[in-house]
Amino acid sequence: MFDPQWLPTIMIFLPLLGSLLLFLAPNRWRDELAGFVAVLTLGLGLMIWYTGGSGLLGLNWIPALGITYSVELSGVSLALALVTAFMSFIAVLYAARRIPNPGTMLALILAMETGLLGIFAARDLILFYVFFEDALLPSLLMLAIYGKAHRMRALVKFAAYTLFGSLLMLVSIIGVRYLGGSPTFALVDLKQNLVTGPAQTWLYLGFLTAMAVKLPLWPLHAWLPDFHEQNHDSGVPDVMGTLYKVGGYGLFTFAIPLFPDASLELRPILMGLAAFTALYSAWVAFGQKDWKRLLAYAGLSHMGFVALGVFSLNETAVIGAMYLLAFQNLYTGALFLSVGMVQERIGSLDTRVGGLMTGAGALGGMTMALWFASIAVPGMAGFIGEFSVLLGAYQVSPWVAFAAGLTTIAAAAYALTAFQTTFWQARPLGGIAVRDLVHTEWLILGLPLVIAIFFGVYSAPALNLMQPAVKSVLAALGGS
Amino acid sequence: MLPLLYLLPLLPLIGFALLMVFPRLFPGKSGGWLATGLIGAAFVVAVLRYLGQGDTPAQETLWTWLPNMALNANLSVGFYLDQLSALMALIITGIGFLIHLYSISYMGHDARFTRFFAFLNFFVAMMLILVLADSYPLMFVGWEGVGTASYLLIGFWFSGRGSESSDKDLRAAGEQEGVNNSNAARKAFIMNRIGDLGFMLGMFLLYKLYGTLSIPELATRVEGVNVATAGVELACLFLLVGAIGKSGQLPLTTWLPDAMAGPTPVSALIHAATMVTAGVYLITRSHFLYELAPNASLWVAWVGGLTALYGALAALNQHDIKKILAFSTVSQLGYMFLAVGVGAYSAGVFHLLSHAFFKALLFLAAGAVIHALHNEQDVRRMGGMRKFMPFTHIVSAVGVLAISGIPIWSGFFSKDAILAAAFETQPLLYLIGLIVALLTAFYMGRWYFLVWRGQYRGAEATGVAHPHEADTITKIPLGILAAGATLIGFLNIPTFLGGGHAFDSYLGRAIPQEAHEILPSTEWSLTIFAVLAGVVGLGWAYLQHRAKKLDNGPLGQFSSSALYLDNVYDGLVAAPSRGIAGALDTVDRGTDGLIGSIASNAAAPGGLFTLWQSGFVRAYAVSMLLGTAAIIGYWALKMVGSGA
Amino acid sequence: MMIAFILLGALTLVGGVITIAARNAVHAALGLVGTLISVAGLFATLNASFLAATQVIVYAGAIMVLFLFVIMLLNANQPISGRDPIPFVRELAGLGGVVLAGAFTILAVSYKDPRPVAEATLALGGGSASVIGETLLTRFLLPFEAVSILLLVAIVGAVALVQRPVPQPDDVPDSEAELLTPPVGSAISRGGSQPVLQHQSLQHRNDEGEVRA
Amino acid sequence: MVPTSYYIALSGILFALGMIGVLTRRTAIMVFLSVELMLNAANIALVAFARSWGDLTGQTAVFIVMTLAAAEVAIGLAIIVAIFRKRETTNVDDLAAMKG
Amino acid sequence: MLQAPDVALLPLLPILLVLAGALLSTLLGFWVSRRTLTVINIVTVILSGAGMIFLWNQGLSSFAGGLQADNAAILLGLTILVGTLMTLLVSLDTAWRARVSFPEFDAMLMYAVTGCLLIVFSGDLIVMLIGLEIMSLSGYVLATLQDSRRAEESGLKYFLLGAAGSAILIYGIAFVYGATGSLNYAAIAAKVGSVSNLTPENTGILVGGSLLLLAGFAFKIALVPFHQWTPDVYSGAPTTVSLFLSTVVKVAAFAGMLRVFGGALADAPGWAGVLQILTAATLIIGNTAALLQLNFKRMMAYSAVAHTGFLAMCLLGTQALGGAALGYYLLVYTLMTAAALAVVAALQRTETGFEINDMRGLYYRHPGYAIALSVCLASLAGLPPFAGFFGKYLAFQAAFQNGYVWLSVLAAVTSVAALVYYLRPAMLMFMPDRTPAKEYTRGERFPTTLTIGLGVAGVTVLGILPNVWYGWVANPAIWQLLAGR
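Protein chains in written order, with the numbering used here: chain A, 334 to 813; chain B, -1 to 642; chain C, 6 to 218; chain D, 762 to 861; chain E, 4 to 488.
Below is the structure:
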């Protein structure tokens, strides 16, 4: 009989296979093929969910080095994988509609999906690292092929920041195994052989650098605005880029179990940094005149919350952080796409064009609803995340939670200001008449919104996935 | 079998969903009727639940929701019905129904008629969630939900009503209106968010103190768990910040007058009768905490008193027919805060109830006038409207009498109770309350005389020579509300007037009653002072009217600029934060540019490097030789050093 | 013995100094010859008689003649005047040399013979041709053979460099082949001063004088 | 018997001299001559060590090194001649087109 | 009495086969066309490889330990042969354009390989030295062979500095001999193994000698500050030659270092400390300098320097791990560098290669080569799933495990610079471009494509399934016997 343990593996590599097939497929079938693969991947994910998460599949990959192929999709990782599969599908949907001759873009989306799913499924540090870097390549190519005039700068910055962090992480990974004396790099083995003492702190810092770049966390965030600003106007690469912000997940799955003492020790500083990131970037977002940059900073601000939750090591906060991480992908991604739609209609990403909603009510309405999700209006998924993060963080450090809480005000300020100057107010004389949503665009914005609302109201399915996983991870800390 | 509580928010939510997603299914005014009908149905549910209510509160849990709350069980979505929430549900659905009805006529010509009702339904649903919530987080859902609805409705005319016009001037005015409306909506949302942060912090602290956020559980746990008073005080202050934000109290008050940018029914429903009273509701709901926190309660009372004074002063010289009412609302809300601050929860809620009636009435009447005058809102261009709109005039007069605290009308009873409670605990606040009562009577008198009496002054400016009386659909809510504003006071006739405190004793089953220890003689004198204040105020207004000086009320610019509070905020908060945002953006790009220019330009190290990699083979040999010499020399030195 | 060492050592160094300091290349080469012969003497004092002979015959004789020949051929005996393009090269060289010499001296002083020198000397058998030959053909057989490859490389390489063979055409399509043929007479450009910069503006022309479309 | 150290010191100084020559001489041939000095220094050291150990390996190695030197000279002079043909210079500083 | 020399030709077989190719090229060149000779050489190289595989696990040695055909030698020898094969294949297409298409070119190439194999199979310092000299002299000739000013300049620079480097190396050999009384790796290792065997006072001479050896080798593998010839030679020589020099010759030099420092002098004090400083300097200078280059070929030259730094980290590891890491990394390095330079050789218009900016839009003109080149660059940058990542990983691990944590961190940081300079051309290739093509349009020929395919396939397969090669090199026993028995 078929072993369900293999499902994650199939789910991971199916998009890559699809991506390679796209090069062979005739031009006119590419959209359908890509969509089919994306749906199939999502279906597989749902199947894993339906069967209650997969078990751990552990194979020896490079026995001589103690590197294993360990994958598992359950708990938090399954939730994130599902969101990834879903948003990849949405991205495929929009890319097929928006980008002329989209074959390459679709292939890159699928290739990146493989990397992202791999990141979430990996239960071996080296495997994690490999997928972590694998996702980088398609992302770079999207920027290179479809980016804007100053993309080289953005590209170099993005790659340099990412690699700077991840190479330090690589050193830490090596250290984790050798200083701890684990036989393999598999998480289960590493957990049995923890590094102790000051070495743990140093290794944690190495790990942290990588994750802080990918979170991103101030001051390692500078790549993010440029990355989004220079990416293709459609916002499709931005969706994938948003999905790639996996720092919070990495910290949660690997850093906390492997560096329990260090994460406790550094908790105050890191929480402060995370709160600062949230507030700082929200404030910077307030000053942005370009939608992509604004969304970049908004996303950064969310990531500050995610980081705050993870760093606080409080159960509620960590669950909230994971919840936020998973669902912010939905609305942030959809917002990028809505910005792409705006750009398609008026050829501008400026936040001060004014009056779009007069012509495009549905587009404006959906965008507004997504913004409400983004600024954590209750009843949307973002609220559960942000509220839990703040609630949990407050139990640990009230002042930091207060500082982070200020972000909610700033978020309202930047979101509503930009929304108002773009969609509300009067359309200036001579402005291009704006077409409303058509065809699949309804789905592209509607589906994420519906899911964001559903999980904001009825969170049990997602919480049932995440809560036990978080509890077991935090149990390693000795019940703090 | 009583209908389940979740029907209350669900019915309007269904309306919202239908009207949002399938607006095409509801041509003409059918959407409005659907929405109104659903609210009516909700009102029926509320009445049924009210009638079927026992002494023990009902709690109905739907499903789990927030992670890890309340002793590691997930926090649930659940509704809680006690006397307080039943009353609130009645107010919301009842007055909501009337205002929906009114809106069918008022918004009849608007292009986005159906959308308006969707938003209204959404608001009512959120408000019901707010009052029925069994936990603070769920209440927060409603709390922010009504904020969102308020945002949507204030910004309903986001592009201005004339911005599509071909006429240049009209278009310019429309564009300006669009910007103003949008700004007002945003301001309301952001200021509410400030309050919301306070509310959230309050929740966090409560959770830290008691480990739960479920209201009934908290209420019981407060008695059992011993925590430092300072903690409770702080939590109550946090909650107060939340209440301040929502109820437009000082210092977060400036959004409320601006919120009048929304359509008039919105002002009546949200910014007078229901949403803004949520702060009062929150504090009343949290009475078990405030009882443990005397200092925080005192803060509440003072905030209320000062806001009442502020609102009254600012209302003195407004020229917008709705802004006068808006500042009046601020002021009246201050009264309610004062009441709950001094522990007179029942009096506060009672004033909430009566205020809901008369203020909704006044707003709707004002709306009728605005409608009749084709969107003219400046009271200086009105006057003599009683001739054109007799029915509306009568109901307006009822409203003015009610708010001025003239006996038999509801305002008299509710205000009197508050002033009595204030006198008992904080004489200074009583004095303020009394002054505010006088001012209230004056500015409402001014409003009345300017709009309804004297000569019609606006024929030229508005282009409406003969304003028409409101239609029937408009008159029905006005009539019902006027009746309510007149009669509702009799629900709670105080003992010294021979009443039985019916309202107090009903509410007393849910919230504690202040003990009345005032002598009847004192009560009498207090009542006389209060009535006197109302009469003097109205008389003062009449005298001014006779002297034709009402156009410009007292205090001049100071009052019409709302005590310059907006300017202060703009200077202290808004402008600096915009500046800081710009500066931070520059810094963010700058640090980045710095790193970038080092990396990309690399002129200095690059030049150095070219100098080194000079292309001369002997230069390369120099590196080699010096390298070797350094290595060997290092070793030799080490050997000498180690004494070999 | 010591006197011989001092004498020969001094001669070696003097020769070395002449080699590196003489302005005329021929003088320098002669200084090197002096050094080489002195080194041969040193070999002799170290019981390496065969090597001493080889040093004189092969090194000082054959190799140095080759050197002188080339110096004369290339007319390289005149010193190069003008500013040295490398700043401080003499100072740096002096510094490096002094450090190296000092360091080596320190190392040398630290050296202790593993066994008594007199006894060890006997084991060398005088370093005669026969003992060296025996070592070469037994323990050093592989190096001995491998060195022949080295010499072969030297011969083939030197010939190939001095008389460059003609490149054999590829089976390139004709049109390309035409373009690729090096133009006649452009192989040598005189002067030798920075031809690259002069031609940089002409993209189709590089410093190898190739002309490409 | 002269101590081995003396020979080693002598060879070290000779080696350093060779190095200095490599740096200061500006003609390719002279640079190469200086390299010969360095090779000779190595030879002295080898022979001296061979005596010290009483082992013929060192002396035989010198023999090999001499051959190496000869081969090197052949190639080196060929390169120098080849360059001279094209540029008519033996100044190594003239060959500095590639840099940076 | 005359003892019979220990002559066993079987272990010499691979070397002899290559030498036969070289001799055939030298002699048959008068009658046979160069392309035929190249094909013959390819055959001899493959035969030599087969010979090595035949010798696998036999652990043969001959000439009294002067020649070691142990597994380490075979693994490194195979790596060298792979590089040679790729060079030969590329030269089939580009030698004419580089104007080096004559039999002597092939002959010198094969001589150089013979020298390389001698180093790899060497059992004592003299054999190693001779191999090194054969390799170097052939290398000097190869670099100069093209009739152009650039090639001659690079040849002279290479030669003059190389001669000085060799002199330093020989001086080092003399000192090591002085300290241990032997030139044989095993004997030296035995002497060094326990310092009691060594005349205690002579540790100074031993360390001095090993440091001189280190300096000499540092020149051959291009460690800072002995690296400066590298960019000039690699960018001046024909690209095919650069390909050869930067892969085969470097592999051989590393093999020599592994033999000497990982085997004979493994236990000697002093050198590791210096090597780590040199490695650190190499990492910094190499990567920074590559960042500043505008010409792709020259950038690849600096990248070779930078990679020396990463490779040298392996030498700092313990014998078992470091040797295995080096064994893996060298093959991967050969594959990716050779394939990348093969693309340059195929598409360049002149032997200067092309400017990085000229690569814009290459993907749309030569999709296959562009993808291949970007795969190689990604691998060079150390991005998974390509083998370069595991190379880097192993290097980090080797250094880390032996306590050089700071070096690993430094290497990680400098890798970022590496990424940047590899990324720029890789991404430019995918950026659409409207300017006319700057590269040679007919460069795509079968042998080159085969080479590139070999490189890309190798890099990918070894990246996804590193065990294919690492499984062979991982056995610690291989590397603990580097000095021979």
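Beta carbons: idealized from backbone N, C-alpha and C, even for Gly.
Run through chain C and tell me which residues come within less than 9 angstroms of residue i, C-beta to C-beta.
i         : result
Ala803(D) : Within 9 angstroms Cβ-Cβ: nothing; Ala803(D) doesn't reach chain C, min ~11 angstroms.
Leu623(B) : Leu97, Ala98, Gly101, Gly102, Leu105
For residue i and residue j, which I take to be in contact (beta-carbon distance under 8 angstroms), what is that distance rounded to the nearest angstrom?
i         : j         : result
Leu362(B) : Tyr100(B) : 5 angstroms
Leu723(A) : Gly712(A) : Rounded, the Cβ-Cβ distance is 17 angstroms, inconsistent with contact.
What does residue i touch in chain C if you count any residue whose Cβ is under 7 angstroms from its own?
i         : result
Val808(D) : Phe48, Leu51, Ala53, Leu56
For residue i, which residues in chain E fall below 9 angstroms Cβ to Cβ?
i         : result
Ile396(A) : The residue you asked about is not Ile; residue 396(A) is Pro in the sequence shown. Under the 9 angstroms cutoff, chain E gives Asn470, Gly474, Ala477.
By the criterion of Cβ-Cβ separation under 7 angstroms, what are the contact partners of residue i in chain E?
i         : result
Ala796(D) : In the sequence as presented, Ala is not what sits at residue 796(D); that position holds Val. Ordered by position in chain E, the residues that pass the 7 angstroms Cβ test against Val796(D) are Ala166, Ala167, Ala170.
Glu849(D) : Neighbours of Glu849(D) on chain E: none; closest Cβ ~13 angstroms, over 7 angstroms.
With a threshold of 16 other CB atoms inside 10 Å of the CB of residue i, please say whether the residue is buried or exposed.
i         : result
Ser503(B) : exposed
His353(B) : buried
Glu150(C) : exposed
Give the residues of chain B in contact with residue i, contact being defined as C-beta atoms less than 7 angstroms apart.
i         : result
Thr750(A) : Arg184
Leu796(A) : Pro65, Asn72
At 8 angstroms on the CB atoms, spell out the chain C contacts of residue i, in chain order.
i         : result
Ala136(E) : Inspection of the sequence shows that residue 136(E) is occupied by Glu rather than by Ala. By Cβ distance, chain C contributes Leu155.
Glu156(E) : Within chain C, no residue comes near Glu156(E); the closest Cβ sits about 10 angstroms away, beyond 8 angstroms.
For residue i, go through chain A and note every residue whose CB falls closer than 7 angstroms to its CB, in chain order.
i        : result
Gly76(B) : By Cβ distance, chain A contributes nothing, its closest Cβ being about 13 angstroms from Gly76(B), past 7 angstroms.
Name the chain D residues that come within less than 7 angstroms of residue i, Cβ to Cβ?
i         : result
Gly222(C) : No answer is possible for residue 222(C): the residues shown for chain C start at 6 and end at 218.
Can you pull the chain B residues whose beta carbon is under 8 angstroms from the beta carbon of residue i, in chain order?
i         : result
Gly107(C) : Gly631, Ala634
Which residues in chain E have a C-beta closer than 8 angstroms to the C-beta of residue i? List them in chain order.
i         : result
Tyr511(A) : Gln400, Phe403, Gln404
Residues of chain F with a CB under 8 angstroms from the CB of residue i: which are they?
i         : result
Val423(E) : Absent from the structure: chain F. Protein chains present are A, B, C, D and E.
- Message: Using 8 angstroms as the cut-off, can you tell me whether the region 330 to 340 of chain E makes contact with the region 245 to 258 of chain E, which would need three or more C-beta pairs spanning the two stretches below that distance?
- Response: yes
- Query: Are the region 132 to 142 of chain E and the region 60 to 74 of chain E in contact at 8 angstroms, needing three or more beta carbon pairs?
  - Reply: no
- Item | Those runs of the alpha helix (DSSP H) which lie wholly inside the region 359 to 407 of chain A and span at least 4 residues | 363 to 383
- Fully enclosed by the region 24 to 73 of chain C, which alpha helix (DSSP H) runs are 4 residues long or longer? 30 to 50, 54 to 59
- Is it a yes or a no for the region 57 to 64 of chain B touching the region 28 to 36 of chain B, going by three-plus beta-carbon pairs under 8 angstroms? no
- Counting pairs of beta carbons, one from the region 764 to 777 of chain D and one from the region 110 to 117 of chain C, are three or more of them closer than 8 angstroms? yes
- Query: Within the chosen definition, does the region 623 to 641 of chain A reach the region 538 to 553 of chain A through at least 3 CB pairs nearer than 8 angstroms?
  - Reply: yes
- Going along the chain, which unbroken runs of the alpha helix (DSSP H) with 4 or more residues stay wholly within the region 210 to 239 of chain B? 213 to 222
- Message: Which complete alpha helix (DSSP H) runs does the region 403 to 485 of chain E hold, if anything under 4 residues is left out?
- Response: 408 to 431, 449 to 467, 470 to 476, 479 to 483
- Message: Report the start-end ranges of each alpha helix (DSSP H) in the region 428 to 467 of chain B that is 4 residues or longer and not cut off at the edges.
- Response: 457 to 460
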